[in-house]
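Colleague: If you read the sequences in order, they're chains A and B. The opening residue of the first sequence carries number 217 in this note's numbering; numbering runs sequentially from there. The opening residue of the second sequence carries number 217 in this note's numbering; numbering runs sequentially from there.
There are 2 protein chains.
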Amino acid sequence: MPGSAGMAPSAPRTVADLGEHALLERLRGRVPPAPAWVALGIGDDAAVLEPVRNELVVATTDTLVEGVHFDPRLATFADLGHKALAVNLSDLAAMGATPRAALLSLALPDAVAVVDFDALVDGFLAAAAAAGVALVGGNLARSPGPLVVDVTALGSVRRRRVLGRSGGRPGDELYVSGTIGGATAALEWLSATAAGDPAGEPPPATIARYRRPQARVRLGVVVGRTRSAGACMDLSDGLADAVRQMAAASGTGARVEAGAVPIDPGARAWFERHGRGPLEAALAGGEDYELLFAVPPRRRRSFLAATRLARPIEVTRIGALTREPAVVLADSRGESPLPEGFAHFRGGR
Amino acid sequence: MPGSAGMAPSAPRTVADLGEHALLERLRGRVPPAPAWVALGIGDDAAVLEPVRNELVVATTDTLVEGVHFDPRLATFADLGHKALAVNLSDLAAMGATPRAALLSLALPDAVAVVDFDALVDGFLAAAAAAGVALVGGNLARSPGPLVVDVTALGSVRRRRVLGRSGGRPGDELYVSGTIGGATAALEWLSATAAGDPAGEPPPATIARYRRPQARVRLGVVVGRTRSAGACMDLSDGLADAVRQMAAASGTGARVEAGAVPIDPGARAWFERHGRGPLEAALAGGEDYELLFAVPPRRRRSFLAATRLARPIEVTRIGALTREPAVVLADSRGESPLPEGFAHFRGGR
Numbered sequence: 217m218p219g220s221a222g223m224a225p226s227a228p229r230t231v232a233d234l235g236e237h238a239l240l241e242r243l244r245g246r247v248p249p250a251p252a253w254v255a256l257g258i259g260d261d262a263a264v265l266e267p268v269r270n271e272l273v274v275a276t277t278d279t280l281v282e283g284v285h286f287d288p289r290l291a292t293f294a295d296l297g298h299k300a301l302a303v304n305l306s307d308l309a310a311m312g313a314t315p316r317a318a319l320l321s322l323a324l325p326d327a328v329a330v331v332d333f334d335a336l337v338d339g340f341l342a343a344a345a346a347a348g349v350a351l352v353g354g355n356l357a358r359s360p361g362p363l364v365v366d367v368t369a370l371g372s373v374r375r376r377r378v379l380g381r382s383g384g385r386p387g388d389e390l391y392v393s394g395t396i397g398g399a400t401a402a403l404e405w406l407s408a409t410a411a412g413d414p415a416g417e418p419p420p421a422t423i424a425r426y427r428r429p430q431a432r433v434r435l436g437v438v439v440g441r442t443r444s445a446g447a448c449m450d451l452s453d454g455l456a457d458a459v460r461q462m463a464a465a466s467g468t469g470a471r472v473e474a475g476a477v478p479i480d481p482g483a484r485a486w487f488e489r490h491g492r493g494p495l496e497a498a499l500a501g502g503e504d505y506e507l508l509f510a511v512p513p514r515r516r517r518s519f520l521a522a523t524r525l526a527r528p529i530e531v532t533r534i535g536a537l538t539r540e541p542a543v544v545l546a547d548s549r550g551e552s553p554l555p556e557g558f559a560h561f562r563g564g565r
Numbered sequence: 217m218p219g220s221a222g223m224a225p226s227a228p229r230t231v232a233d234l235g236e237h238a239l240l241e242r243l244r245g246r247v248p249p250a251p252a253w254v255a256l257g258i259g260d261d262a263a264v265l266e267p268v269r270n271e272l273v274v275a276t277t278d279t280l281v282e283g284v285h286f287d288p289r290l291a292t293f294a295d296l297g298h299k300a301l302a303v304n305l306s307d308l309a310a311m312g313a314t315p316r317a318a319l320l321s322l323a324l325p326d327a328v329a330v331v332d333f334d335a336l337v338d339g340f341l342a343a344a345a346a347a348g349v350a351l352v353g354g355n356l357a358r359s360p361g362p363l364v365v366d367v368t369a370l371g372s373v374r375r376r377r378v379l380g381r382s383g384g385r386p387g388d389e390l391y392v393s394g395t396i397g398g399a400t401a402a403l404e405w406l407s408a409t410a411a412g413d414p415a416g417e418p419p420p421a422t423i424a425r426y427r428r429p430q431a432r433v434r435l436g437v438v439v440g441r442t443r444s445a446g447a448c449m450d451l452s453d454g455l456a457d458a459v460r461q462m463a464a465a466s467g468t469g470a471r472v473e474a475g476a477v478p479i480d481p482g483a484r485a486w487f488e489r490h491g492r493g494p495l496e497a498a499l500a501g502g503e504d505y506e507l508l509f510a511v512p513p514r515r516r517r518s519f520l521a522a523t524r525l526a527r528p529i530e531v532t533r534i535g536a537l538t539r540e541p542a543v544v545l546a547d548s549r550g551e552s553p554l555p556e557g558f559a560h561f562r563g564g565r
């Protein structure tokens, strides 16, 4: 009986149908009980947390904007929830901090379906549970434009274990964790597929680098604990950008050995199939969320011993910080300027 | 010589012209030196802060979205920067916390002029300096839609001085700080003026309630210190909403005396001139950023003595929490349900 309220297939319920208070209640109902160090969590004007004795508070915020940092056709809402937390945990990892708590701030277009809202929250909460992070607060707002997911993550670290990005010295060896290029290759494949022109799928592990990045939390913590790295930062804007920024912050130059850069195998195959230089593509690509370390040679053994505690993630030596101010890529033909990195704000997506 | 690059009046430079790195540098250049308890501030992957000994960490986040929470025609970018921090400081005040640090996350449309970016940042930093708050980090992103300003504020409070919203008991007296309705009247006047139909301007003090809200930081701290209030929350979504939420969180009802509610004089005149009931308009209007307290009668003297330390802000007794679960407005004609509050997400702006 078309037109009958009880029988007609109904449009999916949207967040605008529910309203802010009901959405907040829905969110609260999905959050597991808070740990004892959360004196007040979601539901009050602010969260109240007990700091870790003798440790410093580490705070970071990072945003994912629809149409800039993500495209709902290329990833699920659960992926988005996962990633919004992961990119913040990566920043904490780069400081050597142990993550503890997060605040989730959403600006939601009226048309977002309630099931998608739920999936986003559940993806976020699953990533939080895996990292031992408590969701302690946040905010819900309407957006007349894109979906915006803004997360603040709070962590904890002892003062002498903080990994800054400015502590590198000439002669320090540069190490990168894992492999690079995977997120870029995955994004290119997902974009091509959405446009109806896939041409060769990278392996699932490569796709996951874009959809479900894994912050190197344990690696950052174990390296911080041994104080074996002089500097550390994450690769949110790509390896080339990270090397440039670490060198600038440390007042050094840098030399990256072209043959040493660990490229994701699926990404390498993807780039080669499309007639692109895998190294250039991987260096410039963002969103790998690996860590870059500067390690004084006398601390190398201690550093490598620490990283073994974070297996199966490996680290690879890719070059060194230099006294000469230039930031260069070295191969058998000589040295050339390291390519510019990826920029979310200009030129990027 | 029109068309000559050197002579033609040039369009204002936009944030897209500058790009993310240059904008970040520009922002960093405006931030004053960090206090000693900031181990690492803006410029690293995350901020590192020393907590206050024997105090808990208080964290809150709140967002202003263009077209939902603000209209660039009705306030300056400096107002917006001020307000983005103030609404977060209000949440800290409602916990009795002393504000310390903030993270500023901006999603910027490409067309935002660099001078407007500067004004937003300077408005934020002026409000931060006035409150003793250090800007320690943040994020810049592009927005393909509205300007989004997301702020996280961190504060500090002793465990026994935390002001939650759920600690009210039947018989507690309800007090509200300052006056209400001013922000709503100001917004109405600013909107009418932008539409070319002003019809009577409220006094500047009323306009400021919308453009430059002042968080009741000192009031929250002094009341928290004396532990004289059982519950507290701020009025971001209006007095009616706050009373409802405090009663719900405390498991009580509430009774508000219509004649006792302190309405901003400029707002009262504005509402009357437009044939509206000032009380109903003021109760339902959001964004006043005053504080609502529930005070056990035996703590009244201590509470009022504490509030005198926060002068010139006054508090007014407006009713009580009740054993009966209803939330009512009482006047000479009897009791009626307290009107529903303002909702940013549905029906509001």
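All C-beta atoms in this analysis are idealised placements derived from N, C-alpha and C, irrespective of residue type, glycine included.
Got a sec? Which residues, its chain only, sit under 6 Å from residue 262 (chain A) by beta carbon, not counting five neighbours each side?
Modeller: Residue mapping note: residue 262 (chain A) aligns to position 46 of the first sequence, counting from 1. For residue 262 (chain A), where only same-chain residues beyond five positions count, there are no Cβ hits under 6 Å.
Colleague: On the CB-based measure, 16 or more other CB atoms within 10 Å of its CB, does residue 410 (chain B) come out buried or exposed?
Modeller: Counting from one through the second sequence, the residue named residue 410 (chain B) turns up at place 194. Burial call: exposed.
Colleague: Excluding the 5 residues flanking residue 547 (chain A) on each side, which residues of the same chain have their C-beta closer than 6 Å to its C-beta?
Modeller: As a position in the first sequence, residue 547 (chain A) is number 331, starting the count at 1. These residues qualify, in order along the chain: 474.
Colleague: List, from N- to C-terminal side, the alpha helix (DSSP H) runs of 4 residues or more that fit wholly inside the segment 229–304 of chain A.
Modeller: Within the segment 229–304 of chain A, the complete alpha helix (DSSP H) segments at least 4 residues long are 231–234, 236–246, listed from N- to C-terminus.
Colleague: Decide if residue 331 (chain A) is buried, meaning its Cβ has at least 16 other Cβ atoms within 10 Å, or exposed.
Modeller: Counted from its first residue, the first sequence places residue 331 (chain A) at position 115. So residue 331 (chain A) ends up on the exposed side.
Colleague: Are there 16 or more other CB atoms within 10 angstroms of the CB of residue 545 (chain B), so buried, or fewer, so exposed?
Modeller: By 1-based counting over the second sequence, the position of residue 545 (chain B) is 329. Within a 10 Å sphere around the beta-carbon of residue 545 (chain B) sit 16 or more other beta-carbons, which makes this residue buried.
Colleague: Closest by CA to residue 425 (chain B), which one among B:412, B:440, B:403, B:413?
Modeller: Here the question's residue 425 (chain B) lines up with position 209 in the second sequence. Of the listed residues, the one whose Cα sits closest to residue 425 (chain B) is B:403.
Colleague: Classify residue 545 (chain B) as helix, strand or coil using the three-state DSSP reduction.
Modeller: The residue labelled residue 545 (chain B) in the question sits at position 329 within the second sequence. Reduced to three states, the DSSP call for residue 545 (chain B) is strand.
Colleague: Could you pull out every residue in the same chain whose Cβ sits closer than 8 Å to the Cβ of residue 347 (chain A), ignoring the five residues on either side in sequence?
Modeller: As a position in the first sequence, residue 347 (chain A) is number 131, starting the count at 1. Sequence-distant Cβ neighbours of residue 347 (chain A) in its own chain, meaning closer than 8 Å and more than five residues away, are 301, 305, 315, 431, 433.
Colleague: For the segment 465–498 of chain B, which residues have a beta carbon sitting closer than 8 Å to at least one beta carbon of chain A?
Modeller: Against chain A - using a Cβ distance shorter than 8 Å - the residues of the segment 465–498 of chain B are 465.
Colleague: What are the start and end residues of the beta strand (DSSP E) that includes residue 550 (chain B)?
Modeller: By one-based count along the second sequence, residue 550 (chain B) stands at place 334. From DSSP, the beta strand (DSSP E) with residue 550 (chain B) extends over 550–553.
Colleague: In the segment 301–316 of chain A, which residues sit with their C-beta less than 9 Å from some C-beta in chain B, listed in chain order?
Modeller: 304, 306, 307, 308, 309, 310, 311, 313
Colleague: Tell me which residues share the same chain as residue 540 (chain B) and place their Cβ nearer than 8 Å to its Cβ, disregarding the 5 neighbours each side in the sequence.
Modeller: As a position in the second sequence, residue 540 (chain B) is number 324, starting the count at 1. Only 469 meet the Cβ criterion.
Colleague: Taking 8 Å as the CB-CB cut-off, is residue 414 (chain B) touching chain A?
Modeller: Here residue 414 (chain B) corresponds to residue number 198 of the second sequence, with the count starting at 1. False, the Cβ-Cβ gap to chain A never drops below 8 Å.
Colleague: For residue 352 (chain A) versus residue 279 (chain A), is the C-beta spacing smaller than 8 Å?
Modeller: Taking the first sequence and counting its residues from 1, the one referred to as residue 352 (chain A) is at position 136. Taking the first sequence and counting its residues from 1, the one referred to as residue 279 (chain A) is at position 63. No. Outside cutoff.
Colleague: Would you tell me roughly how many angstroms separate the C-alpha atoms of residue 500 (chain A) and residue 321 (chain A), rounded to the nearest one?
Modeller: In the first sequence, the residue the question calls residue 500 (chain A) occupies position 284. In the first sequence, the residue the question calls residue 321 (chain A) occupies position 105. Approximately 30 Å between the Cα atoms of the pair.
Colleague: What in chain B is Cβ-close to residue 338 (chain A), meaning under 8 Å?
Modeller: Mapped onto the first sequence, residue 338 (chain A) falls at position 122. The contacting residues do not exist; residue 338 (chain A) stays about 20 Å from chain B at best.
Colleague: Helix, strand or coil: how does DSSP classify residue 423 (chain B) here?
Modeller: Here residue 423 (chain B) refers to the residue found at position 207 when the second sequence is read from its first residue. Under the three-state reduction of DSSP, residue 423 (chain B) is assigned to helix.
Colleague: Please confirm if residue 433 (chain A) has its CB atom under 8 Å from at least one CB of chain B.
Modeller: Mapped onto the first sequence, residue 433 (chain A) falls at position 217. Not closer than 8 Å to any Cβ of chain B, the Cβ of residue 433 (chain A) fails to qualify, so no.
Colleague: Look up residue 449 (chain B) in the DSSP assignment and give the residues it is bridged to.
Modeller: In the second sequence, counting from the first residue as 1, residue 449 (chain B) sits at position 233. Beta-bridge pairing links residue 449 (chain B) to B:508.
Colleague: Can you tell me which of A:399, A:516, A:380 puts its alpha carbon nearest to the alpha carbon of residue 264 (chain B)?
Modeller: Locating residue 264 (chain B) in the second sequence gives position 48, counting from the first residue. Checking every option, the nearest Cα to that of residue 264 (chain B) belongs to A:380.
Colleague: Would residue 438 (chain B) and residue 526 (chain B) qualify as a contact pair, given that the criterion is a beta-carbon distance under 8 Å?
Modeller: Translated into the one-based positions of the second sequence, residue 438 (chain B) becomes position 222. Translated into the one-based positions of the second sequence, residue 526 (chain B) becomes position 310. A contact, by the Cβ cut-off of 8 Å.
Colleague: Between residue 361 (chain A) and residue 327 (chain A), what straight-line distance do the alpha-carbon atoms span, to the nearest angstrom?
Modeller: Taking the first sequence and counting its residues from 1, the one referred to as residue 361 (chain A) is at position 145. Taking the first sequence and counting its residues from 1, the one referred to as residue 327 (chain A) is at position 111. Cα to Cα, residue 361 (chain A) sits roughly 11 Å from residue 327 (chain A).
Colleague: Per DSSP, which residues does residue 383 (chain B) bridge with? Please list them.
Modeller: For the purposes of this step, residue 383 (chain B) is identified with residue 167 of the second sequence, where counting begins at 1. Per DSSP, none; premise fails for residue 383 (chain B).
Colleague: Against chain A, which members of the segment 271–282 of chain B pass a CB distance test of less than 9 Å?
Modeller: Hits within the stretch, in order: 271, 272, 273, 274, 275, 276, 277, 278, 279, 280, 281, 282.
Colleague: Using a Cβ-Cβ cutoff of less than 7 Å, which residues in the same chain neighbour residue 240 (chain B) once the five nearest sequence positions on both sides are dropped?
Modeller: For the purposes of this step, residue 240 (chain B) is identified with residue 24 of the second sequence, where counting begins at 1. Excluding five sequence positions before and after residue 240 (chain B), the CB atoms of its chain that fall closer than 7 Å to its own CB belong to 356, given in chain order.
Colleague: Quick one: which chain B residues come within Cβ less than 9 Å of residue 532 (chain A)?
Modeller: Here residue 532 (chain A) refers to the residue found at position 316 of the first sequence. None at all; the shortest Cβ gap to chain B is about 20 Å.
Colleague: Nearest by alpha-carbon distance to residue 399 (chain A): which of A:422, A:535, A:285, A:510 is it?
Modeller: The count along the first sequence starts at 1 and reaches residue 399 (chain A) at position 183. The candidate whose alpha carbon is nearest that of residue 399 (chain A) is A:422.
Colleague: Is DSSP giving residue 363 (chain B) helix, strand or coil here?
Modeller: If you number the second sequence from 1, residue 363 (chain B) lands on position 147. In this structure, residue 363 (chain B) counts as coil in the three-state DSSP scheme.
Colleague: Helix, strand or coil for residue 417 (chain A)? Go by DSSP, reduced to three states.
Modeller: Looking up residue 417 (chain A) in the first sequence gives position 201. If DSSP states are grouped into helix, strand and coil, residue 417 (chain A) belongs with coil.
Colleague: Which of helix, strand or coil does DSSP assign to residue 223 (chain B)?
Modeller: As a first step, residue 223 (chain B) must be located in the second sequence, where it is residue number 7. The pLDDT assigned to residue 223 (chain B) is 49, lower than 50, so where the model puts this residue is not dependable, and the model offers no usable value.
Colleague: Is the shortest distance between the beta-carbon of residue 462 (chain B) and the beta-carbons of chain A less than 8 Å?
Modeller: For the purposes of this step, residue 462 (chain B) is identified with residue 246 of the second sequence, where counting begins at 1. Taking Cβ atoms only, chain A never reaches closer than 8 Å to residue 462 (chain B), which makes this a no.
Colleague: Give the range of the alpha helix (DSSP H) segment to which residue 331 (chain B) is assigned.
Modeller: Counted from its first residue, the second sequence places residue 331 (chain B) at position 115. Counting along the chain, the alpha helix (DSSP H) containing residue 331 (chain B) begins and ends at 330–347.
Colleague: What number of angstroms, rounded off, separates the C-alpha of residue 515 (chain B) from the C-alpha of residue 522 (chain B)?
Modeller: Within the second sequence, numbered from 1, the residue matching residue 515 (chain B) stands at position 299. Within the second sequence, numbered from 1, the residue matching residue 522 (chain B) stands at position 306. Whole-angstrom Cα-Cα distance: 11 Å.
Colleague: Among residues of its own chain, excluding the 5 on either side of residue 341 (chain A), which ones have a beta-carbon nearer than 8 Å to its beta-carbon?
Modeller: The residue labelled residue 341 (chain A) in the question sits at position 125 within the first sequence. Same-chain partners within the cutoff: 246, 247, 248, 297, 351.
Colleague: Can you tell me where the alpha helix (DSSP H) holding residue 518 (chain B) begins and where it ends?
Modeller: Counting from one through the second sequence, the residue named residue 518 (chain B) turns up at place 302. In the DSSP assignment, residue 518 (chain B) falls within the unbroken alpha helix (DSSP H) covering 516–524.
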